[in-house]
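Only one structure is covered here, and it is reproduced in the block below.
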Amino acid sequence: MKPLPPLVNQDASFVSRRVFTDGDVYRREQQRIFARSWLYLAHESELKEKGDFVTGFLGETPVIAARGQDGAIHVSVNSCTHRGLPVCRAERGHAARFICPYHNWTYALDGRLLAVPQQALTHTQIDKGALGLRRVTRVESYRGLVFASLDDGIQPLDQYLGNMRFYLDNYFDRFPGGVQVIGPPHKWRIAANWKLPVENQLGDVGHGPFLHGFIMRNNSATTEINEFGLNVVPEPGHGAAIRLFPEGTDSETVMWGSENGSARMFSAETQAYLREVQDQLAGRLGPVHARIKGLTFGVYPNFSFLWANSVIRVSHPRAPGQVDYWSWWVVPADAPPAVKCELQSLYNASFGPAGLFEQDDSEAWSQQYLGSAIEQLDDQPYFYGLGLGEEQPHPLLPGKVGTSFNEHYARAFYLRWKRDIESAGDDARPDGEAR
Amino acid sequence: MMRSADRSDLQQDIARFYYREARLLDERRFLTWLDLLAPEIVYRIPARHNYVGENSARNTEQYHSLAHELSPPEEAPIRRDNLALLTVRAQRALAPQAWSDNPPPRTRRMISNIEPDPDADPGAGSKGDLRVYSNFLLSFSHHSADNHLYTGQRRDVLRPQERGFLIVERTIILDWNVITAPTLALFF
Ligand code: FES
Ligand SMILES: [Fe+2]
Chain X
1 MKPLPPLVNQ DASFVSRRVF TDGDVYRREQ QRIFARSWLY LAHESELKEK GDFVTGFLGE
61 TPVIAARGQD GAIHVSVNSC THRGLPVCRA ERGHAARFIC PYHNWTYALD GRLLAVPQQA
121 LTHTQIDKGA LGLRRVTRVE SYRGLVFASL DDGIQPLDQY LGNMRFYLDN YFDRFPGGVQ
181 VIGPPHKWRI AANWKLPVEN QLGDVGHGPF LHGFIMRNNS ATTEINEFGL NVVPEPGHGA
241 AIRLFPEGTD SETVMWGSEN GSARMFSAET QAYLREVQDQ LAGRLGPVHA RIKGLTFGVY
301 PNFSFLWANS VIRVSHPRAP GQVDYWSWWV VPADAPPAVK CELQSLYNAS FGPAGLFEQD
361 DSEAWSQQYL GSAIEQLDDQ PYFYGLGLGE EQPHPLLPGK VGTSFNEHYA RAFYLRWKRD
421 IESAGDDARP DGEAR
Chain H
1001 MMRSADRSDL QQDIARFYYR EARLLDERRF LTWLDLLAPE IVYRIPARHN YVGENSARNT
1061 EQYHSLAHEL SPPEEAPIRR DNLALLTVRA QRALAPQAWS DNPPPRTRRM ISNIEPDPDA
1121 DPGAGSKGDL RVYSNFLLSF SHHSADNHLY TGQRRDVLRP QERGFLIVER TIILDWNVIT
1181 APTLALFF
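Going line by line, the protein sequences match chains X and H. Heads up: the first sequence begins at 1 in the working numbering, then just goes up one per residue. Heads up: the second sequence begins at 1001 in the working numbering, then just goes up one per residue.
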């Protein structure tokens, strides 16, 4: 039998189908990527008051993020140390403590074990200090975005983001009052590998006029992308698909909230609000920022931000062919309520489980999985070489820059991914290698 | 109060209207279906969350009132369509470059538990409008063996016409937290 080609070739112009379907690869991702990266968990606006909490996942690991009595955000694994039940079953809320349903062991917001109701009925001495929820010690925020890592020794979040901060600032520092996440995320399960949604939002602008042909063929968004679109790789694994307009372009064209003429359909109040934000942007963030109109951003491994549609995304792996995709709506915190309400349409007419665009995306991702699972084609890797070597440094933009159709965002992602899964493992599970 | 004979007539008229609507959608006659909508239609799907009950409401029906689970208006719902957006959806579903609908899914809508509430206040600007609850079971089969079942409630406001009704408002209450079906871009 011919040996199989590598998972990812030297310049990542070829990526094996097994990258998406293989069970061993999936387990390695859990141990070497999801246990060792910064993973997005919540936005600070969801955890304003002491006692506010949200539940989420770091990869497959269920966690609670709560604002403790000390004012800090604490992240604990949501599994009782007695028999493992989740001690919190709501998606968010406000609590003084978490009570496990099974025997009512009771935990503080920071995960400390406070009470064991049965203890007084026995003569057991319990070391409560050692029986708290597993704490996730590394929790850091950037511009309100709260990330956590299961790796105690991981580099600081600032360094991890590197040049990506410039692009995150473009949205998350755009509004004078900051941004706000409203409501728990929409969640849906897609029969696809977790990397497909990620890859899509890192910079797969090229599919737009084709997969979404009914809407995007020959519309003004497509023209803008062809003319001004750039795929930026700020750091390998991160990505920012943007449009960079020439100096002197009018505010209506560049401003956030104006996609394919959408701003013209808003009320005068909303249009005025959006224009004012844009007009202040050069002074606030700098002249280059005022020329950037974003599209989609990604932070390695599984955080995405749909700039144009103001939603945060996390792609939660559940199995090689199953992803839980979470979607949080973000708004400028200081926008008047009526403006916020109008801005909802930027999100859910096009994206989310009922989005005009996303209904085609999620189907494409599911069908990609079926294609990847064809075992007889293990020797026919996918071509990722569009624009290979054409990416360059840019005089204004940090990172490497290519056209909207250059797939270097994906090559950089898979090279980092390959380095990670091939790294030495101190696997948590002794049978980790064998499965 | 309506007489019970009137009520059963009304019940039958509404059922006839819903059955025809379901048939039009299952037959993919989406453009014809648009004629059943009032120009000011609001078509929503709120998200449905897991929440913690308010302790002050414990032991009352308020404690687990459905209202706590449904996303309030200030949150982005899963869907909030007007006639323009519903029209785009209908046209899209019949276009060649709408890849998730081409080839189209096979759907079958079962409408039941039809419960008009003639005494409920349908809200401002009503023109004899009625509040009507119904349940649906929708079977969705796509490509070769991609099969799914949707269940939920519809909370409608219907406006009686000389023949049939117009849908003025439809709120779809789905029975999922994590959406496990491929799309919510259908007509429910
Ligand atoms: S399992 Fe949590 S208290 Fe027993
Ligand atoms: Fe897309």
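Even glycine gets a Cβ: it sits at the ideal position worked out from N, Cα and C. This structure is a prediction, so every number in the text was calculated from the model and none was measured.
Beta-carbon spacing of residue i, residue j below 8 Å
i	j	result
S1139/H	L1149/H	yes
I486/X	S362/X	Any answer about residue 486/X is impossible in this case: the structure gives chain X only from 1 up to 435.
I1045/H	P1077/H	yes
S372/X	F20/X	yes
A282/X	L274/X	no
R416/X	Y300/X	yes
V1088/H	L356/X	yes
S45/X	V181/X	yes
F305/X	Y171/X	yes
V323/X	I312/X	no
R1058/H	F214/X	no
F34/X	G56/X	no
P197/X	S315/X	yes
D142/X	L157/X	Here residue 142/X is Tyr; the residue named in the question, Asp, does not match the sequence. A contact, by the Cβ cut-off of 8 Å.
R18/X	D378/X	yes
P332/X	G177/X	yes
Check: residue i C-beta below 7 Å from any heavy atom of ligand 2
i	result
L211/X	yes
H186/X	no
G208/X	yes
N200/X	yes
D1146/H	no
F357/X	yes
H361/X	Position check: residue 361/X holds Asp in this sequence, whereas His was assumed. Yes, since a heavy atom of ligand 2 falls inside the 7 Å radius drawn around the Cβ of D361/X.
Per-residue burial, residue i [other beta carbons within 10 Å of its own, 16 or more giving buried]
i	result
Y347/X	buried
N302/X	buried
R32/X	buried
E433/X	Legend: pLDDT at E433/X = 45, less than 50; position of this residue unreliable, no value from coordinates given.
F210/X	exposed
M255/X	buried
Y1063/H	exposed
M216/X	buried
I1014/H	buried
Y102/X	exposed
G71/X	exposed
A1095/H	exposed
L1174/H	buried
N218/X	exposed
Pairwise C-alpha distance: residue j and residue i
i	j	result
L1184/H	C341/X	21 Å
R1163/H	Q1012/H	13 Å
R1155/H	P1182/H	23 Å
T61/X	V75/X	12 Å
A90/X	Q1153/H	23 Å
A349/X	T1032/H	22 Å
G248/X	V288/X	11 Å
G321/X	S1126/H	49 Å
E199/X	Y409/X	8 Å
R135/X	R83/X	17 Å
Q359/X	K187/X	14 Å
D279/X	E269/X	15 Å
D22/X	Q380/X	15 Å
T386/X	A272/X	Checking the displayed sequence, the identity of residue 386/X turns out to be Leu instead of Thr. Answer to the nearest angstrom: the Cα atoms are 41 Å apart.
E1075/H	P185/X	10 Å
R1137/H	I1172/H	Note on residue identity: the sequence assigns Leu, not Arg, to residue 1137/H. L1137/H and I1172/H: Cα-Cα distance of roughly 12 Å.
P3/X	Y369/X	23 Å
E1021/H	G294/X	41 Å
K48/X	A96/X	14 Å
T222/X	V205/X	10 Å
V232/X	Y40/X	21 Å
H94/X	N1055/H	11 Å
D431/X	S79/X	Below a pLDDT of 50, predicted positions are generally treated as unreliable, and D431/X, at 47, falls in that range; no measurement from the model is reported.
R1010/H	I1114/H	Rather than Arg, the amino acid found at residue 1010/H in this sequence is Leu. For L1010/H and I1114/H, the distance between alpha carbons rounds to 11 Å.
F413/X	G257/X	29 Å
V1168/H	A12/X	54 Å
D420/X	D173/X	31 Å
H1024/H	G203/X	With the sequence shown as reference, residue 1024/H is identified as Leu, and His is not the correct amino acid for it. Looking at the two C-alpha atoms, the distance is approximately 40 Å.
N226/X	S404/X	7 Å
N1177/H	R92/X	13 Å
H207/X	A364/X	10 Å
message: Taking 5 Å as the limit, name every residue whose beta carbon sits nearer than that to some heavy atom of ligand 1, in sequence order.
response: Taking each Cβ in turn, the ones that pass are C80/X, H82/X, R83/X, L85/X, C100/X, Y102/X, H103/X and W105/X.
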